[in-house]
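Asks:
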Amino acid sequence: MYMNNKVSIVKCEQYSDALESVEKAVSLIGGIERFIKKGDKVVIKPNLVSKKKPDEAVTTNPEFLHAVIVLAEKAGGIVTIAESPGGPYNIAALKGIYNICGINKAIEGTNAKLNFDTEFTEVNYPEGKTVKNIPIINPIIDADVIISLPKLKTHAMTSYTGAVKNLFGTIPGTYKAELHFRLNERRAFCSMLVDLHECVKPALSIMDAVWGMEGNGPTAGQNRYIGLVMASENSHALDMAACHLIDYTPDEVDTVREAVERGLVVPNAAELEIIGESLDSSLIIKDFLKPESHFNLLKLISLPASLNARLTNALASKPKMDYSMCVSCGECARCCPPKAIDMSLGKPVIDEKKCIKCFCCQELCPKKAVMIKRPLLNRFMLKFLR
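Everything in the sequence shown is counted per our numbering, starting at 53 for the first residue and increasing by one.
#1: So which of Arg-309, Cys-413, Arg-426 has the shortest CA-CA distance to Gly-139?
#2: How about Cys-295: is its C-beta nearer than 7 Å to some C-beta of chain C?
#3: Under a three-way DSSP split, which group does Gln-414 fall into?
#4: Hey, out of Met-377, Met-373, Cys-410, whose CA is closest to Asp-394's CA?
#5: For the alpha helix (DSSP H) containing Tyr-11, list its first residue and its last residue.
#6: For Thr-222, which of helix, strand or coil comes out of DSSP?
#7: Span of the beta strand (DSSP E) holding His-207?
#8: Could you say if the segment 266-273 and the segment 234-251 meet the contact criterion of at least three C-beta pairs nearer than 8 Å?
#9: Is it the case that the segment 97-115 contacts the segment 319-333, given that we only count it when at least three CB pairs across the two stretches are under 8 Å?
#10: Please list the terminal residues of the continuous beta strand (DSSP E) segment that includes Pro-371.
#11: Rounded to whole angstroms, what is the Cα-Cα separation between Ser-396 and Lys-104?
#12: Around the Cβ of Gly-221, are there at least 16 other Cβ atoms within 10 angstroms (buried) or fewer (exposed)?
#13: If you reduce the DSSP assignment to three classes, tell me which class Leu-256 lands in.
#14: Skipping 5 residues on each side, what residues in its chain have a beta carbon closer than 7 Å to that of Asp-299?
#15: Using only CA atoms, which one of Cys-242, Val-252, Met-209 lies nearest to Ile-193?
#16: Assuming the contact rule is C-beta atoms closer than 8 Å, Val-74 and Ile-258 should be a hit. Round their C-beta distance to whole Å, please.
#17: Where does Asn-185 fall in DSSP's three states?
#18: Is it the case that the Cβ atoms of Gly-154 and Pro-202 are separated by a distance below 7 Å?
#19: Contact defined as beta carbons within less than 8 Å: I believe Asn-185 pairs with Val-175. What is the distance between those atoms, to the nearest angstrom?
#20: Rounded to whole angstroms, what's the CA-CA distance from Pro-302 to Val-183? Just pull it up for me.
#21: With a 10 Å radius around its C-beta and 16 neighbouring C-beta atoms as the bar for buried, classify Arg-239 as buried or exposed.
#22: Can you name the start and end residues of the beta strand (DSSP E) that Glu-325 belongs to?
#23: If contact is defined by three or more beta carbon pairs under 8 Å, each pair taking one atom from either stretch, is the segment 302-317 in contact with the segment 71-87?
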């Protein structure tokens, strides 16, 4: 059980101020030397979900990453940047990600190395509630210290993606699709994410909340300026604070709810120890847009299990193609865990009977051509029940 529910919050108006803000955020929870000793192999794990430019606010900003590298090296750490992005996990994919996301520039002037080792290890984790064996990329296995750099964003499947969800990028490429397919119900998937986090156990999480993403994230939403850096050694506490900041309750985000139920974090944000900026009403963003898939009628009404199951498909949000933006690249079909997308007609066609609503197609579409469609009945009834 985590006993430390301390989260630091520091203002950062622009990424050129990242070094000062990151250093302050980490100093408020004990300083970088508390986490890194001279000679430690430090792996920094940013959010590099797909090939997106820094100004799209999808991935960890390279200036933010650079600041953390400088801080880690100042403490004597030997730094490697590692990530398994969405899609294939191979050298060509990593080169493309590092280039487009600005990570090549992030390491300039430092001794940090980019990871190109695409091997992984099957880790036995008997303490897991949902998964007992987890494939994890080797640089994470070999690290003395893991620092996670999540981005504050909404997420179509999980409503929110932050410090715990960021660790999904320690699982190699196609194994992510396998887990989506096996654990296609949101609660089970989020329970797996908590298992994964507890297996990997990053020493420190520092959140890029300077620019985040709202709406239909994690890649197709809208940029949202927040102007903050947040840090904690307890990723669950960091996620609870970030969720409170964008007006989610713990019960609305299953990774946070699961952490509360397991005793990994205090039950609500009011019990967190916040240092730096106060997490009060002046900081909370009440109009932060949630993904369409977040608004689920079944969260608000109690029904018999059999009827609930029947209604789930009828009321659940679904991915839908916007053919005016689609370029028929086929990326959605390649990344679809249940292989529910057919390209035989030269354009993607979704088989709704096969679709598991993981929204990987929406997340990894390079042209934002996959929309989230909420059924009319869902929208109509929510107006009267919310």
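No residue lacks a Cβ here, since even glycine has one placed at the ideal position from N, Cα and C.
Replies: So, from the listed chains and residues:
#1: Mapped onto the sequence shown, residue 139 falls at position 87. For Gly-139, the closest alpha carbon among the candidates Arg-309, Cys-413, Arg-426 is that of Cys-413.
#2: Of the protein chains in the structure, only one exists, and it is not chain C.
#3: For this step, residue 414 is matched to residue 362 along the sequence shown. Looking at Gln-414 - three-state DSSP - the assignment turns out to be helix.
#4: If you number the sequence shown from 1, residue 394 lands on position 342. Nearest C-alpha to Asp-394 among Met-377, Met-373, Cys-410: Met-373.
#5: Because residue 11 is not part of the residues shown, which for the chain are 53 to 438, the question remains open.
#6: Residue mapping note: residue 222 aligns to position 170 of the sequence shown, counting from 1. DSSP places Thr-222 in the helix class (H, G or I) of the three-state scheme.
#7: For the purposes of this step, residue 207 is taken as the residue at position 155 of the sequence shown. Unbroken beta strand (DSSP E) run through His-207: 203-207.
#8: No contact exists between the segment 266-273 and the segment 234-251.
#9: Short answer: they don't touch.
#10: The residue given as residue 371 occupies position 319 in the sequence shown. Run containing Pro-371: 370-373, per the beta strand (DSSP E) assignment.
#11: In the sequence shown, the residue the question calls residue 396 occupies position 344. In the sequence shown, the residue the question calls residue 104 occupies position 52. Cα-Cα distance, rounded: 28 Å.
#12: Along the sequence shown, read from residue 1 onward, the residue named residue 221 stands at position 169. Classification for Gly-221: buried.
#13: Here residue 256 is taken as the residue at index 204 of the sequence shown, counted from 1. Here DSSP, grouped into helix, strand and coil, assigns Leu-256 to strand.
#14: Position 247 of the sequence shown, counted from the start, is the residue given in the question as residue 299. Non-local C-beta neighbours of Asp-299 in its own chain, meaning closer than 7 Å and more than five positions away in sequence, comprise Ile-336, Ile-337, Lys-338, Phe-340, ordered along the chain.
#15: The count along the sequence shown starts at 1 and reaches residue 193 at position 141. Its Cα nearest to that of Ile-193, the residue Val-252 stands out among Cys-242, Val-252, Met-209.
#16: Stepping through the sequence shown from its first residue, residue 74 is reached at position 22. Stepping through the sequence shown from its first residue, residue 258 is reached at position 206. That pair is a contact at about 6 Å.
#17: For the purposes of this step, residue 185 is taken as residue 133 along the sequence shown, with counting starting at 1. In the structure shown, Asn-185 sits in a strand (DSSP, three-state: E or B).
#18: As a first step, residue 154 must be located in the sequence shown, where it is residue number 102. As a first step, residue 202 must be located in the sequence shown, where it is residue number 150. No Cβ-Cβ contact shorter than 7 Å links Gly-154 with Pro-202.
#19: Residue mapping note: residue 185 aligns to position 133 of the sequence shown, counting from 1. Residue mapping note: residue 175 aligns to position 123 of the sequence shown, counting from 1. Between Asn-185 and Val-175 a beta carbon distance of about 7 Å is seen, short of the 8 Å cut, so the two are scored as contacting.
#20: Locating residue 302 in the sequence shown gives position 250, where the first residue counts as 1. Locating residue 183 in the sequence shown gives position 131, where the first residue counts as 1. The straight-line gap from Cα to Cα measures roughly 23 Å.
#21: As a working mapping, residue 239 is identified with position 187 in the sequence shown. By the 10 Å Cβ count, Arg-239 comes out exposed.
#22: Within the sequence shown, numbered from 1, the residue matching residue 325 stands at position 273. Note, Glu-325: beta strand (DSSP E), 325-328.
#23: Segments in contact, no.
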